[in-house]
Amino acid sequence: MNVKRIAEIEKEIVEDFALFDSWEDKYEYIIDLGKKLDVLEDQYKIEENKIKGCQSTVWLTASYEDGAVVFKADSDAVIVKGLISMLIKVLSGHSPEDILTAKMDFIAEIGMMTHLAQTRSNGLLAMIKQMKNYALAYKMMQVDEKNK
Amino acid sequence: MRVSEIREQFPILSRTVKGKPLVYFDNAATSQKPQSVIDALSHYYSHYNANIHRGIHTLAEEATLAYEATRFAVQEFIGAAFVEEIIFTRGTTESINLVANTWGRQNIDAGDEIIISGMEHHSNIVPWQILCEEKGAVLKVIPVKDNGELAMGVYQELLSSKTKLVSIVQVSNSLGTVNPVKEMIAAAHKVGAKVLVDGAQSAVHLDIDVQDMDCDFFAFSGHKVYGPTGVGALYGKKELLENMPVFQGGGEMIKEVTFERTTYNDLPYKYEAGTPNIADTIALKTALDFIKSIGKDQIRAHEAELLAYATAQLEAIPGLKIIGNAQDKVSLVSFVIEGVHPQDIGVLLDNMGIAVRTGHHCTQPLMKRFGIPGTVRASFALYNQKEEIDVLVAGLHKALKMLL
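Chains as they are written, first to last, in the UniProt record's numbering: chain A, 1 to 148; chain B, 1 to 404.
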C-alpha cells in the first residue's frame, strides 16, 4: 500500500511545478513523464480499455492488490501520457475509498485546467472519472465479500 | 489588396493568446468577423429589433426589409436564378438535413442508391445513412486517391439508373481538394440523379454559380464566410422546392390553418417555420458585402500565394508529410509529422499563440483511409500573411524539439 496520502502527493506535484517559470519547462517535464511511463503491455490495449475521447487514444486498466487499486495506462499522444503519468502517481496504490474522495485540485493549481475541457478530452476529466469508476467497482466488491 | 488594411477591420486579430500575438489558422472551422459584421448585429438590436413579416409597425418593416435584403445578397453570391430559391437555415448541416428529410423522404425508396464521397464531412454522411436505413436504400462511396483527389473513374462506374442522389462536397475540409463538381453533376444528371453540393468550405474561396454548376441543391454556412454563426442557406431549384414536402411545422410557413387542414406558404417561407435568426441573417449580408468589396479574385490570388508559400515551407520540415496534394486546392494544409501525435503539436502551438486544428476534422472515414489518427490543419483566410506562416514553421520546429 502507498504510504503517502493522496493529498501529500498532490502537494508535492504542485511544489514541483512552482519551480518552473516558463510554459516550455512545464511541458518538457510533462513530456518527459510521458516518455518514462511504464509500458502498457499490448494485451491491455484493447477496445474495452479505451477511454473514448476526441483526439488521442487512451487505454486504462486497473487491478486490485491487497486493498489497493493499481492503475496502468498508455496513450498515443505523449503530453496526454505525461498527464496520465501524474494521475497514476497520485491515485495508484491507494484504497478505493481514498481514490473516491480524492479532490484532484492539483490539476488546476499547476495550470493544466485547459486539459480538463471537453474539447481536449482524453480529457483528464474522462480519465479521472474512469479511475474513480474502477475504485467504486472494487469498493462494491469489498462490500460483497464482507456480506458473504 | 492591402492585407494590413484588411487586418485592421478584424478586431480579434490584434489580441494576444498566452502573451503572444494571435496567429489564427483555424479558418476552415470558422472565420473571424470584420467590424462591419459586428456592428450590423449591434445596430439591429439597438435600432430596429422586431419580429419580421407580419408586423405593420416601422420596426417590423425595417427588420423585414433588412432580412429579405440578405436573401437577395445570397442569391447574387451564389448566382441563383430566383430569390425564392434561397432558404435560410442554421447552416450547412441543417440545409443537408432539410433535403434528406423532405426531398429524400419523398423520393428515396428501397433499393435506390445515394452516392457520397470518401472525403465527406460527417454532416454529409450521417443524414444519408439515417435516410438509407429508414428506406432500405444503399449508400455508395466514391474512393479517395492517395493524392487526395476523387477516383473519378469509379464514380462513373457507381452511377446507374438506381442512383437517385449524389451528395458531394465541393471543397474538402480536411484535404483542401477542390472537386470537379460541374463535371460530376453533368454525369449524375445523365442517369437522372439529383445532386446536392456541400459548399461549406468552397463558398468563401471560390466563385459560386449554381446555375452554371447546374446543381439541384447547394448548402453553405454564414460563419465560414466572415458572417455570424447560426445562419446559413440552402439553395434548391425552384421546381424541386415547390414539390417537396415541408420540413418543420409552425408559424411563418403556413398560409391558412384550421384544425382540419393547413395550407402552406409559398417559397421560400414554406421551409422557414418559426421566428428565424433575424439578427445573424441581417449581418450575413454585411459579410457578403465585405467579400464583394474586396473581390473573390483578389482573395483567391492572395490565398493561393499563402498556400504555395506554406506548402514549400512546411515540406522542408523533416518528417512532415502533407495529406492532400490535389492539383486544385484551396488555402489549407493538412499534415502529419513522423513520430508525433497531432494533438501534441496542437497543444504546444497553442502555447505559442498559434491556433490550428488537430484531429479528424469530422471526417473519420477519411482519416481511416489514410491510416492516420488525425492531422494538424492550418487553414488560411484573406487576412493571413506570410509572416504568420513563418511563425507557424518556427513554432513547429520548437514543438518538435520538445517532443522528439
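Heads up, the beta-carbon is just placed ideally off N, CA and C, and yes, glycines get one too.
The alpha carbon of Thr-163 (chain B) has as its nearest neighbour, out of B:Glu-338, B:Phe-72, B:Asp-109 and B:Gly-227, the alpha carbon of B:Asp-109.
By the rule that beta-carbons nearer than 8 Å mark a contact, His-341 (chain B) touches chain A. Listed along the chain, the chain B residues whose CB falls inside 9 Å of the CB of Gln-55 (chain A) are His-341, Pro-342, Gln-343, Gly-346, Thr-358, Gly-359, His-360, Pro-373 and Gly-374. Proximity of Val-78 (chain A) to chain B, defined by a Cβ-Cβ separation below 8 Å, is satisfied. Proximity of Ile-31 (chain A) to chain B, defined by a Cβ-Cβ separation below 8 Å, is satisfied. From the beta-carbon of Tyr-27 (chain A), the residues of chain B found nearer than 8 Å are Val-347, Leu-348, Asn-351 and Met-402.
Sequence-distant partners of Val-39 (chain A) (beyond 5 residues in either direction) whose C-beta falls short of 8 Å from its own C-beta, in its chain, are Asp-74.
With a cut-off of 8 Å on Cβ pairs, the stretch 24-37 of chain B is in contact with the stretch 224-233 of chain B, counting three or more such pairs. Excluding five sequence positions before and after Gln-313 (chain B), the CB atoms of its chain that fall closer than 7 Å to its own CB belong to Ile-389 and Val-393, given in chain order. Annotation for Ala-394 (chain B): the continuous alpha helix (DSSP H) segment containing it runs 386-403.
8 Å or more divides the Cβ of Ile-96 (chain B) from the Cβ of Val-166 (chain B). At a cut-off of 4 residues, the continuous stretches assigned as alpha helix (DSSP H) that sit fully inside the stretch 85-109 of chain B are 92-99.
Runs of the beta strand (DSSP E) lying entirely within the stretch 233-304 of chain B and spanning at least 3 residues, in chain order: 254-257 and 262-264. At a cut-off of 8 Å between C-beta atoms, Trp-59 (chain A) does not count as an interface residue with respect to chain B. A contact between stretches requires three or more CB pairs, one per stretch, nearer than 8 Å, and the stretch 374-383 of chain B fails this requirement with the stretch 43-57 of chain B. Contact annotation: Phe-335 (chain B) and Val-391 (chain B) have beta-carbon atoms that are not nearer than 8 Å. Under the 8 Å criterion on CB atoms, Glu-24 (chain A) is classed as interfacial with respect to chain B. Within the same chain, Thr-102 and Gln-106 come within 6 Å of Pro-245 (chain B) by CB-CB distance, once the 5 residues on both sides are set aside. For the pair Ile-51 (chain A) and Gln-35 (chain B), the Cα-to-Cα distance works out to about 42 Å. Between the alpha carbons of Val-169 (chain B) and Glu-120 (chain B) lies a gap of roughly 6 Å. Counting only runs of at least 3 residues, the stretch 166-204 of chain B fully encloses the following beta strand (DSSP E) elements, listed from N- to C-terminal order: 194-198.
Per DSSP, Arg-54 (chain B) lies in no alpha helix (DSSP H) and is assigned neither H nor E. Look at Val-356 (chain B) here: in three-state DSSP terms it is coil, with no helix or strand label. Judged by DSSP in its simplified three-state form, Ile-46 (chain A) adopts coil rather than helix or strand. Distances from the CA of Val-58 (chain A) to each of A:Leu-83, A:Val-69 and A:Ala-68 were compared; the closest alpha carbon is that of A:Leu-83.
Classified as exposed, His-397 (chain B) has fewer than 16 neighbouring CB atoms from the shown chains inside 10 Å of its CB. With contact defined as three or more Cβ pairs closer than 8 Å, the stretch 343-356 of chain B and the stretch 279-295 of chain B are not in contact. The distance from the Cβ of His-360 (chain B) to that of Gly-374 (chain B) is about 5 Å, consistent with a contact at the 8 Å cut-off. Between the alpha carbons of Lys-135 (chain B) and Leu-240 (chain B) lies a gap of roughly 20 Å.
Within the UniProt domain "Fe-S metabolism associated" (14-133) of chain A, the complete beta strand (DSSP E) runs of at least 3 residues fall at 58-65 and 68-75. With a threshold of 16 other beta carbon atoms within 10 Å, Arg-71 (chain B) meets it and is buried.
Apart from the 5 residues on each side of it in sequence, Ser-202 (chain B) sits with its Cβ closer than 6 Å to the Cβ of Gln-170 and Val-171 in its chain, given in chain order. Arg-7 (chain B): member of the alpha helix (DSSP H) spanning 3-8, first to last residue. The DSSP-derived three-state label of Ala-381 (chain B) is coil.
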